[in-house]
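Protein chains in written order, with the numbering used here: chain A, 261 to 606; chain B, 5 to 300; chain C, 3 to 365; chain D, 9 to 584; chain E, 2 to 346.
Notes follow the structure.
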Amino acid sequence: MAATEKAGTGRPAAGTRPRRGRPGLHPAVRYLGGRVLTALVSLLAVMVTSFFLFRVLPGDPVAALTQGRSVSVDQLEAMRRDFGLDQPLPQQFADYCLGMLTLDFGMSYQYRVPVADLIAERIGPTLLLAGTGTVIAAILGLVLGTRAGWRRGSLMDRVDTGVALTLWSVPSFWLGLLLIVLLASGAGLFPTSGMSSPGVEGAFAVALDVGHHMVLPVATMVAVVYAQYMMIMRSSVLDEMGSDYLTTARAKGLRDSVVLRRHAVPNALLPTVTLIFLNLGRVVSGVILIETVFAWPGLGSLFYSGLRVPDLPIVQALFVVFAGSVIVMNLLADLVYPLLDPRVRT
Amino acid sequence: MSRAALAWTRRRRALAGYARAFAGNRGGMAGLAVLALIGLAALAAPLFIDADALSLTEAEGGRFQPPGPGYPLGTDAFGRSVLDLVVWGARISLTVGFLAAFVSVALGTLIGVVAGHFGGWPGNVLMRVTDWFAVLPALVMAVALAAVMTRSTLTIIIAIGVTAWPTTARVVRAQTLAVEARPFIERARALGGGHAHVMLRHVLPNVLPVVLAQTTLLVAEAILMEATLAFLGLGDPGTVSWGGIIQEARTAGAISSGIWWYMIPPGVAIAAVALSFTMCGRALEGVLNPRLRERR
Amino acid sequence: MNPTEHPPDTPAPEPADAAARPGPDRCLEVDGLSVSYRAGGGEIPAVRGVSFDLEPGSKLGVAGESGCGKSTVALALLRLLPRSARISGRVLLDGEDVLDMRWGRLRAVRWAGASIVFQGAMHSLNPVQRVGDQIAEPLLVHGGAAPAQARSQVVELLEQVGLPAWRERSYPHELSGGQRQRAMIAMALACRPRLIIADEPTTALDVMIQAQILRLIDELVTGRDISMLMISHDLSVLAETCDRLAVMYAGRIVEEGPADAVFAAARHPYGAALSAAFPRVGDPASRRAPRGLPGDPPDPAELPSGCSFRPRCPEVQERCSEVDPVLWPAGPGRTAACVQVLPPEQDTRPPPGRDRASETTGE
Amino acid sequence: APPAAAEAEGADTLTIAASQPVDSFSPFLAQRLISTSIHRLAYDYLTNYDPRTNEPIPGLAESWTTSDDGLTWTYTIRDGATWSDGEPLTAEDAAWTFTTMMEDEGAATANGNFVANFESVEAVDATTLKITLKEPQATMLALDVPIVPKHIWKDVGDYSSFDNDEFPVVGSGPFVITGHKPNQSITLEANEDYWRDPPKFDRLVFRYMPERDAQVEALRAGEVSFVSGLTPAQADALKGTENITVNTASGKRFQGFTINPGARTQDGEEFGDGHPALEDRVLRRAIMRAIDKDEIVESVYGGYAEAAGGYVPARYDTYHWTPDASQRLDFDPDAANEMLDEAGYERGGNGVRVSPGGDPLKLRMHVHNDRPDYVAMGKLLVERLADIGIEVDNRTVDPGVLSDALYSGEYDLIFTGWTVNPDPDYVLGIHTCGALPTEPGTMRSDAYFCDKDYDRLYEQQLAAYDDPEGRAATVKKMQEILYEEAVVNVLTYADTLEAYRSDQIASIQVQPDPGGNIWGQDGHWSWSSAVPAADSRAGAAVSPWALAGLGAVVLVALGGGVYLLRRRAATAGDRE
Amino acid sequence: MSSEADAPGGTEAAVPVLAAEGLEVAFTGRTGRSTARAVDGVDLEIGAGEIVALVGESGCGKSTLARALLGLVRPSAGRVAFHGLGLGYRPRELKEVRRRVQLVLQDPTGALNPRHTVYEAVAEGRRIHSGSTADEEEHVAKALARAGLRPPERFFLRYPHELSGGQRQRVAIAGALVLQPEVIVADEPVASLDASVRGEILQLLLRLRDDHGLAALVVTHDLGLAWNIADRAAVMYLGRVVETGTVEEVLAAPRHPYTQALLSVLPESGAAEPQILAGEPPDPTRIPGGCRFHVRCPVLASGAAQAAGVAERCRSEDPGMLGGSGAAAQVACHWAHAHEAEPAG
Ligand SMILES: Nc1ncnc2c1ncn2[C@@H]1O[C@H](COP(=O)(O)OP(=O)(O)OP(=O)(O)O)[C@@H](O)[C@H]1O
Ligand SMILES: Nc1ncnc2c1ncn2[C@@H]1O[C@H](COP(=O)(O)OP(=O)(O)OP(=O)(O)O)[C@@H](O)[C@H]1O
Ligand SMILES: [Mg+2]
Ligand SMILES: [Mg+2]
């Protein structure tokens, strides 16, 4: 789907309307409180969904874990007990909720470590990958989108848009695999997978090494993602282009580039920034595929491995984490938007 | 000429006008051409691909035969022609794409229109639900749904359809709100039209262009999602789809074995179809959405 | 509107005769201005040979129906038209031709030489910049003023248009329609231009606010030697405000002359219809007698042959389908483009100094 | 002594691609193959397996004796073995390890089954370990239990959560675990004080690479020295590659499927909804005759497999059994059709047969979706069984779903496969009547198979631990019964396909030798014996390619920037 | 063209066709902050065959009043009476009223669904109320012809974008006429039309009244328009009608300072010095006490009210609502009352 449509949904419905507070409460506080409250309710709903959605996953995790290996019935029983699977569902739910509140997501079935530890361990690489990818994609998308919108219909617009949409249409995992074949093993320029080479010591060397490992996954991610930002920016520049205040700016005798930079871009950025924030949340779960293909030791590959078993606590917790990140990003977008757009501020 | 016939002529002329506008969009036309080609190939596939070509036990080719005479795209592990598989795969991929897009668009349109029309608390509640669905990461959600339900094409369709609708609902609701703000809605109400009248006669026809464009764009997304689910091993193993072929190629280690002809064609097919749908969708949007059209 | 600009497609034509060169007393001279838009594969002639000029300190009102090309003329004066527009003719601003100016010079002329007050103040102000900054922007660009200095000038300007100084820190959405229009006016005055173009400055405003704004403009312009081109569809408003009036129809000026005279007794049937459309309250003649013109406003893409007003004209004659009348003297200081004022022997041949209203004045 | 702190530069490193991350470093908990393989390297076991023959050989235990009733085993622990922290390794450590596993549920997680039958374990003195059994046990020379250092472990409170990830991990094997980057790599360094020959490589690195293609590409690029679990296509492709040696080993695993002959508990209570016709042996045997094992070998394994005979893979020739010509259920659809026709399975209108009981032969088939070979075999089976009038509903599902179907007896055909240890006791045991569930859902086998003769033979082989030949004969008889009954059907023994870089590894021990595998050996031979090639320098420091690659990226970025700037300058220019 | 004497209504004491009785409409802000009293107590009657003009500046509640008359917004107090009977708000009752009272909106472009043909747009009302009948086409053609679109068949299949603004407004009017209503409520019916086209539509309204006895409420901010067609005028300020009477009374001899100010700013008014009221249109969320106009009242500011001795009352005493009947000119102004009483007394 073209980014424009995603764009259509982006701006938070409530965000665009100035809200007035009840007497006594500062409107900003009210706005903030309302947003935070909504986010919390969403989070709660996500937690509940996560529990029930994955409870109905068919298959006995213990059986799956032990299949093909010699285990006694007693051992199976013991494992069930360990994981609390012998408890009645309401009890499990209560435990789950209590656990979630204390950030205790239970023990992973397959790793036998607290899921919270696993997540803590894996979140760094994911943030590194997703963060770098998003920053690059956003910059690229914004720059190209602005250019394309400003020169709508030009050869450059058509080429840039065409390339972006083509890359956007390519399945990310497929692109990743191709890159591995072409650039990693074919040309030997980059490592095929993982985040670091063993045996590299020293901060600089390690940074270099990680950077080297990051190139392909980040490139894949950027290639697939930037089109969205670009198309959003393009259409929002186009939207702004019709505005009379740009004619005013031009009538004032400003250079074309100044009109673009000082008037068109800041206005066009408003919807785009929100969308980038909204997308950030999705990107985190979007990296599942890329992490899987490049064996990036992040949350995505953890989720993938959890799903295979199925390792309920991992899958559940990550579902909450992924959805939570979308919620948090939505919240941030809601909070940032008024800072950017005076019309929303009350 | 009767009025009905006249109306039909005029409608045809209007359609022709849209078609002309669409034809003016090179990207859209290219996309349409590719789609027509692939669609035709998919429809006609049973005519020139016999069952044996897809049978594991009857296939005549050698194992992983590189492209050559008789097998323009080589063969797979069972000696089946990859070209045949890809052509056949179009049937499933396109079906999944269309049906999933349809499910999600139908759901999204219904909810979007109702939420937009009624406003107030029912609309709010609907939008809350939508927002909340939109928050759930689509891929994770689809993966979970596909895992929960029995493995089949229908499952994939439902999983994609159910996760993609919030986008449509939001777009449609926004459009509905815009339409509802137009004076002709007030006129319809002043004429005595009820909710159903307003929604069916006024709102729906005016959101349909958006919905149509949205559907086209969603098909692209659904096809990609199908491939992704298949790649994650959640596809229907009994059918030949593009994502499924890639997954099989991957499990066979085709990439690292230099068996590019197993891996590349389905990926290219996915990209081509997704791109074509996207191009068509964008072109349609340009044609049907007067706001964009004005600017051209 | 597509904001991209382009250098004019055709170089401005050489002046037809040297005598037509403007004297230094003309602050604006428009000569044979034609604009057509490329759209949908065809060309839409939006403005078809408009000529007029403006002396320093004088006010010209341009009236006409929607789509007759008023805004196009306004934008053409500063070469602000979208890329799809094709312009020809001459626009001399203080003797310099705007249409073949270099970009750098053009930018210098914009706002400093002539500024524009657009109709939709709502949209003509950048919604995310403070009003003060927007007013200061031309000062910084053209005056090379220091920011602090610009600030004090902004405050001064705001006060001149009756807005308190603290409004400088407001965003456009915090202002009402009238206040926004005031801010626009303040901005237009910022660089002390010689010419202000006001494109429908009061439409969409309430009657009372409209009166306020008109009076404000009047106060500010008079006595500062600023000339003004005011565009409106409301002939009565223009008649009230301006010295001279030009009535446009289908991309042409069809009548021009002193404001009162044109409003009171138009020589062109369209001008007459337009002034009748604004009844005088208390005038028994118009009581229960609304007057208008039958038919539809013209579509610039398919104009009829002969006089383009012919299909709607209440006084249509046979000649109307043959002659496309040009502006012709029609009384003291007045011209009109109607067969009724054309001398009978004059057919299709244009009079000397074609389309030059100024040439025919002062007879 | 602590391992020689191998200096990063110049040390010989062997990098192994691992497709799973470790689950735990605690020998009490670790269950994944990667983890147990690493424990093999880091800990010594009482006994080991001969690299060539797979026979039990002395490990920590130099020698052993058995009481006549077979209930008391006395091991003599090697003198002079030490822990990597320098502490002596004594019988006390072994006794403590076993006792803890017997007493603590947490400690029994991974290897509890080995000690389930233990009465007591005691260290008579520093070098003597005495194990008393409740009943005779055939696996006493195959106790695959890492012996852990009591002095480190005795203070651990909760064995079910102790991860043993304090590096370097104190062990007693040829290597010492020295580092772990979660989900990325595990580093082991050579234990110079190991009582056997110390390893030739200074360092072992297990790199986690879940993608098979990535592994092979990494091998090609020289990032890893060894890759296992190749697909046939990959093996073919790598065969022609310079500096890469492909190792094809006869597999330890069999692949097959079981037929639900009617699920029942030990008490004979029937449950589940297996197709009733499958209780008929004729039908089951006809199904077997409809399947072309050679075709599977060819299309699924690209020839890297062996069409199966008996239950125990051909690799273990002591126990391997092949049916003779008269018994064979070879591929012959006509014969199969004939069998069914005779048995009264009429073909219905749609070509699907109907059992004499009136049930159409529509069978469900459960296939693991995570095993590509099963998936492919499943597809072949569907087509082949259609030829004899059986319609198969191919259900490729998550392993968990599959086990649910199995446990509840709600299946008809189900895929399965077991890794067979040198001692086949376990895989044989799961088909005794005793392995039937005590109540529905508590299955520990993979077929509801129960046969009196089989059970009798099982007891017989169990007691024949001191008569290897007799035991082998019994085991073969058991396989014959399995074959004849056609409930547990073995299709293939897939080869193990591995490859290593011969420019990094000069030689490596396979097991059994010849024709054996490298990854997943019983014992640590592959890695402790691998010899570095003369100029092996894999995986050291930042490769020059890193700089080249990053350089390329920077160049591209710069180029893009310049392009953008120029575009901008150009557009600004034509505005002026 | 009818003369003044022919104008029906006004003096007849018959039950008005449509009336607002003490009508109040308040809009509650979203978060319950402030209540906008858009219509704040209006009595207004529209007799049969009468054209009433409702004039006032932007935001004074004209449209809200018009919409309340059709039941499109619910009054918070008072009632709308149709033939003397209170308007019910159940769907069925509303539907009945909406058959007989029709709304014509300001912007014909917006008021026509761009995807409906002229035929569909006109037939819509009939279809809602009586379904698709065999004589539908006949009725549609008649309505279009009455609205001055002749021959109607030529327009049946046109889409709104193929019509000019004036034609669109005619279509909208035809859509109202097809139901043969008794009253038309026209909310700024010509505001968005070109000056030269405007007269045509107004003539049409007049003709409909004259030929068919259609009553109309014309909402406008344009006093000239009221002068052009209306029988009676009501001047509205901040939710209240502050002056009513025949058009001649109100526009030729305005009594309320607000009406006077409005008239004075007309460009062509002969007034020597326009009285430009300062500031923006007033805010219905904050209606001042006393006379709601007193804060902007030039009479009060100039001291004339003081002189008449009513300044205090202006500030503190609400002059009250005006009765809706058109019988006599009325004004809600202390000063006007005092001023007029003076010479008399
Ligand atoms: N960018 C454009 N592309 C194509 N046609 C245009 C463009 N801008 C204006 N036109 C056409 O040119 C004609 C004159 O337009 P213009 O805006 O000058 O009219 P106007 O007199 O200002 O009308 P209004 O009173 O509605 O502002 C119209 O027919 C209009 O449709
Ligand atoms: N739906 C609504 N919610 C809240 N306030 C409203 C609503 N509709 C109207 N108002 C407020 O009520 C007041 C009267 O509005 P109304 O539209 O009736 O004015 P009007 O006289 O028709 O003005 P105009 O001449 O601009 O059309 C305005 O201040 C407006 O802001
Ligand atoms: Mg204009
Ligand atoms: Mg209104």
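Note that beta-carbon positions come from the ideal geometry of N, C-alpha and C, so glycine has one too.
Shown here for V518 of chain D: same chain residues with a beta carbon closer than 7 Å to its own, the five before and five after excluded, namely N255, A257, G524, N525 and I526 in chain order. Legend: CB atoms of the segment 593 to 604 of chain A lying less than 8 Å from CB atoms of chain C belong to residues L600, D601, P602 and R603. Judged by DSSP secondary structure, F423 of chain D falls outside any alpha helix (DSSP H) and instead within the beta strand (DSSP E) spanning L421 to T427. For F183 of chain D, the enclosing beta strand (DSSP E) starts and ends at F183 to K189. Membership of N345 of chain D in the alpha helix (DSSP H) is indicated by the continuous run P341 to E350. Residues of chain A whose Cβ lies closer than 7 Å to the Cβ of W136 of chain B are, in chain order, S302 and A305.
In the DSSP assignment, T406 of chain A falls within the alpha helix (DSSP H) that extends over V375 to W410. Taken from the Cβ of P306 of chain C, every heavy atom of ligand 1 lies 7 Å or farther away. When only Cα atoms are considered, P522 of chain D and T61 of chain D end up about 9 Å apart. The shortest C-alpha to C-alpha distance from T99 of chain B to any of B:G165, B:A119 and B:I115 is the one to B:G165. Per DSSP, reduced to three states, the secondary structure at G51 of chain C is strand. At a Cβ-Cβ threshold of 8 Å, D340 of chain D and R297 of chain D count as neighbours. Counting the other CB atoms within 10 Å of its CB gives A25 of chain D a total of 16 or more, which places it among the buried residues. Assigned with DSSP and collapsed to three states, H376 of chain D falls in strand.
Per DSSP, the beta bridge partners of I139 of chain D are D:W81 and D:V129. Residue E:P282 holds the alpha-carbon nearest to the alpha-carbon of Q214 of chain C among E:G200, E:P282 and E:V74.
Taking C-beta atoms as the reference points, G23 of chain E and G89 of chain E fail to come closer than 8 Å.
With a cutoff of 8 Å on beta-carbon distance, S432 of chain A and V484 of chain A are scored as near each other. Non-local C-beta neighbours of I288 of chain E in its own chain, meaning closer than 8 Å and more than five positions away in sequence, comprise R38, D41, L239 and G240, ordered along the chain.
Distances from the CB of E67 of chain C to the heavy atoms of ligand 4 are all 7 Å or more.
In the DSSP assignment, P271 of chain C falls within the unbroken alpha helix (DSSP H) covering P271 to A278. Secondary-structure assignment with DSSP links L247 of chain C through a beta bridge to C:G63 and C:G259.
If you draw a straight line from the Cα of I202 of chain E to the Cα of H222 of chain E, it comes to about 16 Å. The beta carbon of V143 of chain C falls within 8 Å of a beta carbon belonging to chain A, placing the residue at that interface.
When distances are taken from the beta-carbon of F28 of chain E to the heavy atoms of ligand 2, the shortest one is below 7 Å. In its chain, beyond the 5 residues on either side, A263, A397, A398, L400, G401, L402, G405, T532, L535, I536 and N539 have a beta carbon closer than 8 Å to the beta carbon of Y489 of chain A.
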